[in-house]
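Participant:
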Amino acid sequence: MALPAAGERLSPFHPTGIRTIMAPSKLPSGLSQAAQDVVSRYEVSEQIGHLLRKAYQRHLAIFSQAIDDPQLTAVQFAVLSASRRLGPSSMSDLGKATAIDAATVRGIIERLRARDLIELQTNPDDRRKVTVQLTRAGESLVEQITPTALRISELTMGELNEAERVAVLYLLRKLSAPDSE
Numbered sequence: 042m043a044l045p046a047a048g049e050r051l052s053p054f055h056p057t058g059i060r061t062i063m064a065p066s067k068l069p070s071g072l073s074q075a076a077q078d079v080v081s082r083y084e085v086s087e088q089i090g091h092l093l094r095k096a097y098q099r100h101l102a103i104f105s106q107a108i109d110d111p112q113l114t115a116v117q118f119a120v121l122s123a124s125r126r127l128g129p130s131s132m133s134d135l136g137k138a139t140a141i142d143a144a145t146v147r148g149i150i151e152r153l154r155a156r157d158l159i160e161l162q163t164n165p166d167d168r169r170k171v172t173v174q175l176t177r178a179g180e181s182l183v184e185q186i187t188p189t190a191l192r193i194s195e196l197t198m199g200e201l202n203e204a205e206r207v208a209v210l211y212l213l214r215k216l217s218a219p220d221s222e
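When you line the sequence shown up against the numbering used here, it's residues 42 to 222, in that order.
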């Protein structure tokens, strides 16, 4: 398939997913023709990172509108939900289950602990090891919010039909799978 000429705009559904944003006369001088061709066809609004970020921003906006607890963020709920599913577990396991880095998980757990939603227990045999688990209040909050969280996922999918929903989830799982799998 031939790529479009410089200055030609494509439909967002074009197989290449490339749109032109810069006329050749506005490209920096000194670029090779190949580099100019690449730069002239790059449009940030059509890139996967940008589109994923916009979809996630939509999800976060829906979450903040739907959840009655203004102090609870979507990421905090993910940690609470994972903690409920895993039971007593390490911060590392919670980070893996939620795809959140260790430093961020630590901060989230501290904020949830300050609200008495999570408790930490130190291993008596190895004081470096800490177990995280939900408190009764945390358990209650997860049970209360989970139906709303399911509805938030539905709202995030918006007008997608069933086949599109299945496809989006399949493709996102495939993209987020480790390279070794």
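Here a beta-carbon is modelled for each residue, glycine too, at the ideal position from N, C-alpha and C.
On the DSSP letters alone, give me the boundaries of the alpha helix (DSSP H) that leucine 93 sits inside.
Facilitator: 89-107
Participant: Indicate the three-state DSSP secondary structure (helix, strand or coil) for serine 130 in the structure shown.
Facilitator: strand
Participant: Three-state secondary structure (DSSP) at threonine 176?
Facilitator: coil
Participant: Could you tell me if arginine 126 is buried or exposed, where buried requires 16 or more neighbouring beta carbons within 10 angstroms of its beta carbon?
Facilitator: exposed
Participant: Excluding sequence positions up to five away, which residues of its chain have a Cβ less than 6 Å from the Cβ of proline 129?
Facilitator: Excluding the 5 residues flanking it on each side, proline 129 has same chain C-beta neighbours closer than 6 Å at Thr172 and Gln174, in chain order.
Participant: Less than 8 Å between the CB atoms is what I'm expecting for aspartate 146 and valine 120, so what's the real figure, rounded?
Facilitator: According to the sequence displayed, residue 146 carries valine and not aspartate. Contact flag correct, Cβ pair sits at about 7 Å.
Participant: Compute the Euclidean distance between the alpha carbons of isoleucine 62 and aspartate 110, then round it to the nearest angstrom.
Facilitator: Its pLDDT being 48, under 50, isoleucine 62 is placed unreliably by the model, and nothing is read from it.
Participant: With a threshold of 7 Å on Cβ separation, who are the neighbours of aspartate 134 within its own chain once the five nearest residues in sequence on each side are excluded?
Facilitator: Leu127
Participant: Enumerate, from N- to C-terminal direction, the unbroken alpha helix (DSSP H) stretches of 4 or more residues contained entirely within the region 176-219.
Facilitator: 177-198 and 203-217
Participant: Check whether the region 148-161 touches the region 185-196, counting contact only when three or more Cβ pairs, one atom from each stretch, lie closer than 8 Å.
Facilitator: no
Participant: Counting Cβ pairs closer than 8 Å, one from the region 88-107 and one from the region 158-168, do we hit at least three?
Facilitator: Cβ pair count under 8 Å is below three, so no.
Participant: Taking Cβ to Cβ, would you say alanine 115 is nearer than 8 Å to leucine 101?
Facilitator: yes
Participant: Taking threonine 114 as part of the beta strand (DSSP E), name the residues at either end of that continuous run.
Facilitator: First-last for threonine 114: undefined, no H or E at that position.
Participant: Assuming contact is defined by CB atoms lying nearer than 8 Å, are arginine 156 and glutamine 112 in contact in what I supplied?
Facilitator: Yes; because the gap between Cβ atoms is below 8 Å, this pair is in contact.
Participant: Three-state secondary structure (DSSP) at isoleucine 62?
Facilitator: Summary for isoleucine 62: the model assigns pLDDT 48, below 50, so the residue's position carries little reliability, and this model does not support an answer.
Participant: If you drop the 5 nearest sequence neighbours on each side, which residues of the same chain put their C-beta closer than 7 Å to that of isoleucine 108?
Facilitator: Counting only Cβ-Cβ distances below 7 Å, and skipping sequence neighbours, we find Ile186 and Thr189.
Participant: Measuring straight from C-alpha to C-alpha, what distance separates arginine 154 and aspartate 166?
Facilitator: Those two C-alpha atoms are separated by around 23 Å.
Participant: Look at the alpha carbon of serine 86 and the alpha carbon of glutamine 106, and state the distance between them as a whole number of angstroms.
Facilitator: 26 Å
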